[in-house]
Amino acid sequence: MDQDDYLQAIVVGCDFTDDLRQITPQPFQTKILNIPILKYTIEFLAFNGVQEIIVHTGTSSSETSDLLQECREFIGSKVKIIPFEGVDCTCTVDVLRRAQEELLLKKDFLLVPGCLISNIDIKDLVMRFKKRKKKDPRNILEIIAKRSPTTNISPYQNSESARPLIGVNKKTRELVYFEEDYLNSKAKLGPPLSIFKDHPSLKIYSNLTDVNIYICSIDIFSIFEIDSRTMNDVINVALGNAEIQTAKITVTVFEKGYAATVNSFPSMYKVSMDLLMRWLFPIVPEMNSLSNTNFRYYRSFSYREDKVELGKKIKIGENTLIGQSVKIGHNSSLKNTIIDRNCTIGENVKMKNCIIWYGVTIEDNVVLEDCVIGDHVFINKNCVIKNCVLDNDTIIREEKTIENYKICSQDFSNLKLKSTEIEIEEGSNYDIEDEGNYDDDDDDDDENENDDENERKKKLKEFDHKSILGENSKGFIYDNKGIYQRKINEKKQQEAKEIESYSTSSSEEYSDSEYYSDRQNEVNNSPNSNDSLESNSDIEKDKQNDFMPKVFRNFENGIEDEYDEYEKQIEIIFRKCLDKNYEIEFLVSEIRTTGIAYRMTDMGSVVLKLILKIANEHSSQTDSTTSNSSLEVSKDAKINFFKKANSLIDQYFGVIKEFIKESQSLALDLIQVIFRYCMDNEKALSWYVHFLKKIYDLEIVEEETMINWFNSLDEKKKNSESFQSIQENLEKFVTFLQDAEEESGEDEDEEYDEDEEYYEGEYDENEEYDEEEYDEEEEYVEEEEN
Amino acid sequence: MDKIQSPIQFVVLAGGTGSRFDTLSSDIPKPFLPVANKPLLQYVFEFLCKSNVPKALVVTHSGLQQRIHKIAEKLSIEIDITTVSPDLGTADVLREIASKIDRDFVVISGDLITNVPLHEIADIHRVSGSAMVMLLNEENEENSKKIRKDKLVSKHFVGLDKDRVAMFLSSFDSGKSVKLRKPFLEKCSEFELYSNMTDGHLYFFKHWVLRLIEKKKKSISSIQGDLVPLLVKAQFNPKIAKRLSKYSQEEQYPNFKGFSSLEEEVGTENQQFNIKCIAYKTPRDLLCMRVNTFNSYLRANFTLINGNPFFSREAYRYKTVYMHKGFKIQEGDEIENSLLGKELTISGTKNVINSVIGENCTIGENVKIENSIIMNNVKIQDGCQIIDTVIMNSVILEENCRLTQCTVRINQTVEKDTNTKNYIFGEESFY
């Protein structure tokens with residue numbers, strides 16, 4: 001019996017990413033509430049009846065062995081803690097292999113990361129797993145997953161963290177479908193039909209967090225393959241061989257309890273706050289059993305150790321934790337902040353959402369927001385530091401405002417060699433190990449990654465460390481991302497928006513930035529204001545380069561080489577297609593490829609422009625045969641032009657739609673293309689409203705977009721001569737649109753009848769719904785990327 | 001009328017060409033196919049009667065009205081028959097009869113055999129305020145074994161988030177995998193995905209759905225194929241929901257038209273995403289079968305003869321056999337799990353297992369019948385062996401025939417000593 005109950009656990013100390021590397025050499029030494037996180041992990045394992053814990057450390061530094069010794073002391077003699085160096089292991093699977101080679105693993109074992117913090121009870125699960133394994137030895141792995149609230153992605157959760165999409169057989173809990181990271185995967189999602197033969201009903205989860213607790217059978221080594229690196233790889237392999245049924249993986253989704261892994265700064269902050277708010281009960285700060293702390297619990301989730309010296313009029317807000325012998329000067333305030341022992345904090349210091357480690361000195365009047373500050377950091381008075389990470393021993397001696405940086409005490413840009421050496425020792429850098437172990441397999445990847453690395457280092461050199469941090473400071477900038485990338489971006493955009501003071505209510509369809517930039521472009525490109533705005537817009541352009549629909553720049557200058565080329569390419573394809581009557585789908589895929597090659601997104605606009613251009617050529621050809629070289633454009637030519645354009649649009653609106661569906665801002669481009677074209681071309685001018693109607697009827701562009709565009713036309717534009725000739729019609733049309741949008745019922749009837757003419761044949765409304773869904777999807781992806 | 005109006009209208013779709021029936025329905029129109037010796041449509045009527053539905057609209061093809069009336073006469077249900085052209089889709093049919101529907105309504109397919117509690121579903125519909133409640137049935141694997149494979153089964157993928165229908169896909173449009181879209185997953189992050197759910201084709205709809213059907217002539221032609229997927233999608237796609245809300249809002253504020261501006265301010269936000277599609281899963285011990293394929297026809301027959309509440313009172317039960325007066329079982333007879341129609345004569349020892357035999361049949365000596373369905377007025381002469389076979393009306397089987405997995409069509413005569421497997425008699429002579 002004893003043998004049966006014996007349970008081992010292996011703790012993988014390095015998580016093989018370098019997210020927290022700026023502040024600790026090893027993730028498991030990251031301090032959560034002043035206690036290294038490894039202790040929480042070990043507490044969790046001991047609580048669940050593990051008798052032997054193998055800790056993979058990656059190095060054999062004295063700090064680590066000290067830490068392990070401390071762990072042994074608090075956990076007692078019942079649980080053995082065995083350090084396991086595994087120096088050049090590069091991934092979880094490597095660690096397991098090595099551990100097995102050294103005959104450390106005997107039977108079933110738990111596999112957890114070293115940065116796990118949890119209070120769930122998995123004893124029952126382990127028992128059940130063992131029973132199941134007895135019945136069917138193919139049961140080799142059980143994944144323990146936890147629901148995450150879907151609404152709570154930002155800003156604390158690491159936006160880059162993977163979100164798996166899994167399908168589990170409803171009855172047997174067997175894992176049958178697994179997508180590692182569905183938010184970022186480009187592939188089409190969804191379980192293949194073949195699964196349903198054996199598993200008629202699945203439960204699909206997309207709301208699970210990657211908790212990384214696994215119950216493994218010793219037989220798991222049978223499904224490791226040479227290129228397996230992470231557990232996800234292992235799972236994929238097992239599922240890939242599903243027909244052979246060599247391995248069964250089960251999934252248990254935990255309803256109760258708390259589990260999280262700390263692998264980034266946001267998650268570090270979040271977990272700390274959760275601890276303070278007692279979500280992890282019975283693990284709470286005043287438990288004081290993990291370490292030699294003596295916290296006491298005060299009101300509103302505030303905790304303090306003894307010997308804390310507080311000045312007068314100090315405001316201690318909610319969710320704070322103050323370690324032993326901390327001194328805080330008068331009038332300071334703190335909220336959502338954790339301060340480790342022996343820190344000295346001056347007067348009038350404001351701290352919000354900060355984590356401050358051991359022995360930090362902060363002088364008077366400093367403002368800290370969203371910061372993680374390492375051991376022994378010195379911050380000069382009057383500094384303002386927001387959204388930053390300061391490495392151990394950083395010293396800032398001048399009065400500076402620092403925002404959105406990660407700052408290291410070592411200079412990574414100059415210390416190329418040295419830094420790589422360090423990384424080898426830690427056994428954690430992907431690139432280098434790749435070279436070491438998998439030279440032949442991944443050569444290309446390596447080069448790429450190295451390139452990336454070099455590029456990054458180049459970038460680092462560009463930072464003006466001195467001017468940012470001050471002459472006498474000690475510290476080097478690692479990157480300019482800060483902790484919460486996204487939050488800050490949003491703020492900036494908002495500010496920018498406020499400055500420009502566009503008062504119109506932006507529609508839901510655009511993300512702010514898009515909307516903003518579109519407006520910007522309009523201003524830049526309005527036909528009559530070219531000259532006056534040229535100088536201003538140059539600066540704007542530089543700023544907005546990424547957003548700028550380049551099709552307009554082309555209208556203006558016709559210089560953009562690359563863009564020209566790209567347009568030409570599409571033109572060639574399009575004309576070919578016209579000649580040879582290719583399938584629309586073929587055309588779409590060709591154009592899309594071109595677009596991707598040139599990194600453009602406005603293929604729809606280009607196609608529309610092309611159509612107008614071709615129609616124009618067509619009409620001038622016929623024109624030249626009838627009436628030679630009259631300066632005035634004949635009526636026939638106008639009509640010819642419209643007819644041709646109309647028929648071309650009818651034929652190819654599917655193509656345009658295909659490229660517009662990504663977002664309505666692209667549709668806005670379309671409207672502007674037509675506008676610009678019609679303004680410049682006399683033939684087209686009188687047909688302008690007809691074109692608008694056309695693309696509206698074909699449901700390429702939505703009412704809202706059109707109306708928004710119309711409302712955004714500025715006065716200068718409206719005053720232009722050519723505009724006035726169409727203004728009346730345009731206004732009529734816009735009223736029509738507004739009616740269409742507002743009114744329902746009878747009015748729509750008429751509208752509908754009109755529409756139906758175009759609906760015939762290939763057009764099916766259901767398809768449209770599908771596309772809309774795509775719309776959303778694309779927008780969504782964009783959002784994520786921001 | 002004098003009576004209080006029922007709050008819900010019932011529409012029975014008794015058309016259907018039975019195109020997936022192989023040969024059966026070309027001889028007998030689908031509503032009248034005998035299932036356990038009763039016309040298929042009668043099951044629907046009985047179901048409605050039992051649920052105290054006083055009145056139903058019945059939609060069918062021309063030529064079938066009289067026989068439908070006949071079926072309804074026996075039951076306490078008032079029916080109103082409309083005929084439509086046979087090539088219309090199910091939603092097209094609703095569009096045709098839209099003028100007759102002025103309330104929330106229920107659409108029932110004429111080929112449904114069920115005993116689910118209709119009032120419960122109605123309650124769910126009312127309480128949840130859902131646009132649609134649909135009847136679903138999870139098929140057990142055990143049932144589907146032993147029976148010939150369908151050539152064409154319309155398979156569905158149904159996603160359920162608790163009792164909400166989150167996904168409704170037919171496998172034909174989903175390619176090699178079931179597509180899941182990211183925005184959908186964000187909104188509906190946990191759900192059960194069934195491939196073995198069958199759609200009972202019993203739908204409760206809000207009245208506004210009818211308006212939607214009327215408007216979208218081009219894009220909605222079938223309920224199952226177009227309307228249901230659209231409604232289901234609308235739950236999680238704000239854009240579609242917004243469009244549909246045009247239709248639904250009119251209804252939700254019928255008396256407040258004067259306050260339209262207020263309505264827009266207050267109402268839209270809440271109403272917009274409020275389309276709900278609810279599923280009613282058939283409880284394990286109740287029946288929900290659709291007879292729309294040959295296979296399901298067999299299954300329905302065999303399920304029904306295994307003891308259930310659908311038989312008329314005339315039949316009485318002896319052990320596992322249902323039979324009529326005048327038929328006697330003697331010692332040595334092997335009769336199990338079967339339903340025997342009126343006026344049946346079997347000479348000599350009887351050997352009937354797991355089968356349905358219709359009215360006025362004459363069966364000779366030494367005949368063995370197993371897993372088969374024999375309709376009315378069939379004569380089977382001595383020494384025949386009939387296994388896994390369907391024999392339709394007025395067929396004569398001459399001596400010593402051995403039929404396995406066959407279908408014999410109406411009025412056929414099978415010559416003596418025929419020994420075949422997997423064959424349809426009379427196929428060429430008709431079409």
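So the protein lines, in turn, are chains A and B. Just so we're aligned: the first sequence equals residues 1 to 786 in UniProt numbering. Just so we're aligned: the second sequence equals residues 1 to 431 in UniProt numbering. Ideal Cβ placement from N, Cα and C applies to all residues, glycine included.
Segments assigned beta strand (DSSP E), at least 3 residues, entirely inside the UniProt domain "EIF2B subunit epsilon/gamma LbH" (320 to 415) of chain B = If only uninterrupted beta strand (DSSP E) runs of at least 3 residues are considered, those enclosed by the UniProt domain "EIF2B subunit epsilon/gamma LbH" (320 to 415) of chain B are 321 to 323, 334 to 336, 338 to 340, 351 to 353, 368 to 370, 385 to 387 and 402 to 404.
Rounded C-alpha distance that separates lysine 315/A from serine 332/A | Separation of lysine 315/A and serine 332/A (C-alpha to C-alpha, rounded to the nearest whole angstrom) is 6 Å.
Alpha-carbon spacing of glutamate 73/B relative to arginine 67/B, whole angstroms | One alpha carbon belongs to glutamate 73/B, the other to arginine 67/B, and they sit about 10 Å apart.
In the DSSP assignment, find the unbroken alpha helix (DSSP H) run with asparagine 646/A in it and report its ends.
-> Per DSSP, the continuous alpha helix (DSSP H) segment holding asparagine 646/A begins and ends at 635 to 660.
What does serine 61/A touch in chain B if you count any residue whose Cβ is under 7 Å from its own?
-> Within 7 Å Cβ-Cβ: nothing; serine 61/A doesn't reach chain B, min ~42 Å.
For the region 189 to 211 of chain A, enumerate the residues whose C-beta is nearer than 7 Å to any C-beta of chain B, in chain order.
-> Of all residues in the region 189 to 211 of chain A, the ones placed with a Cβ closer than 7 Å to any Cβ belonging to chain B are Leu189, Gly190, Pro191, Pro192, Leu193, Phe196, Pro200, Ser201, Leu202, Lys203, Ile204, Tyr205, Ser206 and Asn207, in chain order.
Limits of the unbroken beta strand (DSSP E) element including aspartate 199/B | Segment 197 to 205, the beta strand (DSSP E) holding aspartate 199/B.
In or out: tyrosine 696/A buried (at least 16 other Cβ within 10 Å) or exposed?
-> When all chains shown are included, tyrosine 696/A counts as buried.
Just the Cα atoms here: how many angstroms apart are serine 325/A and glutamate 255/A?
-> Rounded to the nearest whole angstrom, the CA to CA distance from serine 325/A to glutamate 255/A is 40 Å.
List the endpoints of the continuous beta strand (DSSP E) containing phenylalanine 142/A.
-> For clarity, residue 142/A is glutamate in the given sequence; the question names phenylalanine instead. It spans 139 to 147 - the beta strand (DSSP E) in which glutamate 142/A sits, taken as one unbroken run.
How big is the Cα-Cα spacing for leucine 730/A and alanine 637/A?
-> Rounded to whole angstroms, leucine 730/A to alanine 637/A spans 22 Å at the Cα level.
Listed from N- to C-terminal order along the chain, which residues in the region 185 to 215 of chain B have their beta-carbon within a distance smaller than 7 Å of any beta-carbon of chain A?
-> Of all residues in the region 185 to 215 of chain B, Leu185, Glu186, Ser189, Glu190, Phe191, Glu192, Leu193, Tyr194, Ser195, Asn196 and Lys215 have a Cβ within less than 7 Å of some Cβ in chain A.
Could you tell me whether the Cβ atoms of isoleucine 32/A and methionine 268/A are closer together than 8 Å?
-> Yes, the Cβ-Cβ distance between isoleucine 32/A and methionine 268/A is below 8 Å.
Which residues does DSSP pair with valine 168/A in a beta bridge?
-> Answer is Leu175/A and Lys203/A.
Compare the beta carbon distance of leucine 286/B and threonine 303/B with 8 Å and say whether it is the shorter of the two.
-> No, Cβ-Cβ distance for leucine 286/B and threonine 303/B is not below 8 Å.
Chain A beta carbons: is any one of them nearer than 8 Å to that of valine 178/B?
-> The beta carbon of valine 178/B falls within 8 Å of a beta carbon belonging to chain A, placing the residue at that interface.
Cα-Cα separation between glycine 311/A and glutamate 398/A, rounded to whole angstroms = When only Cα atoms are considered, glycine 311/A and glutamate 398/A end up about 25 Å apart.
Spatial neighbours of isoleucine 223/B within its chain, please: CB distance less than 6 Å, with the 5 preceding and 5 following residues excluded, ordered by chain position.
-> Residues Thr90 and Ala91 of the same chain have their beta carbon placed closer than 6 Å to that of isoleucine 223/B, with the five preceding and five following residues left out of the count.
Cβ-Cβ distance between proline 164/A and leucine 208/A below 8 Å = The answer is yes: Cβ separation under 8 Å.
Could you tell me which of Ser85/B, Leu13/B, Gly426/B and Asn140/B sits nearest to threonine 282/B, measuring between CA atoms?
-> Sorting Ser85/B, Leu13/B, Gly426/B and Asn140/B by C-alpha distance to the C-alpha of threonine 282/B places Asn140/B at the top.
Decide if arginine 676/A is buried, meaning its Cβ has at least 16 other Cβ atoms within 10 Å, or exposed.
-> Buried.
Glycine 167/A versus chain B: which residues are under 8 Å apart at the beta carbon?
-> Correct list: Leu193.
For the beta strand (DSSP E) that tyrosine 269/A lies in, which residues bound it at each end?
-> In the DSSP annotation of this structure, tyrosine 269/A is not part of any beta strand (DSSP E); the continuous alpha helix (DSSP H) holding it starts and ends at 265 to 276.
Determine the contact status of leucine 48/B and isoleucine 28/B, defining contact as a CB-CB distance below 8 Å.
-> In this structure, isoleucine 28/B does not lie closer than 8 Å to leucine 48/B by Cβ.
Less than 8 Å separating the beta-carbons of alanine 279/B and methionine 289/B?
-> No; because the gap between Cβ atoms is not below 8 Å, this pair is not in contact.
Own chain partners of methionine 273/A with C-beta closer than 7 Å, once the 5 adjacent residues on each side are dropped | Excluding residues within five positions, the ones whose Cβ falls inside 7 Å are Asn319 and Asn336.
Range covered by the beta strand (DSSP E) that runs through leucine 112/B | Residues 112 to 114.
Give the secondary structure of proline 54/B by DSSP, where H, G and I count as helix, E and B as strand, and everything else as coil.
-> In the structure shown, proline 54/B sits in coil (DSSP, three-state: anything other than H, G, I, E or B).
Lysine 421/B touches chain A at which residues, Cβ-Cβ below 9 Å?
-> The contacting residues do not exist; lysine 421/B stays about 27 Å from chain A at best.
For glycine 595/A, name the three-state secondary structure that DSSP assigns.
-> DSSP places glycine 595/A in helix when its eight states are reduced to three.
Any C-beta of chain B under 8 Å from that of lysine 170/A = Residue contact check for lysine 170/A against chain B: a CB pair falls below 8 Å.
Tell whether a beta-carbon distance below 8 Å holds between isoleucine 71/B and threonine 82/B.
-> In this structure, isoleucine 71/B keeps its C-beta atom at 8 Å or more from the C-beta atom of threonine 82/B.
Starting from serine 170/B and walking both ways along the beta strand (DSSP E), at which residues does that stretch end?
-> Element bounds for serine 170/B: 164 to 170.
Leaving out five residues before and five after glutamate 415/B in sequence, what residues of the same chain have Cβ atoms less than 7 Å from its Cβ?
-> Around glutamate 415/B: Glu398.
Status (buried if at least 16 other CB within 10 Å, exposed otherwise) for arginine 409/B | Burial state of arginine 409/B is buried, judged by a 10 Å Cβ sphere holding 16 or more other Cβ atoms.
Please report the residue range of the alpha helix (DSSP H) in which glutamate 138/B lies.
-> Careful: glutamate 138/B lies outside any alpha helix (DSSP H), inside the beta strand (DSSP E) at 132 to 138.
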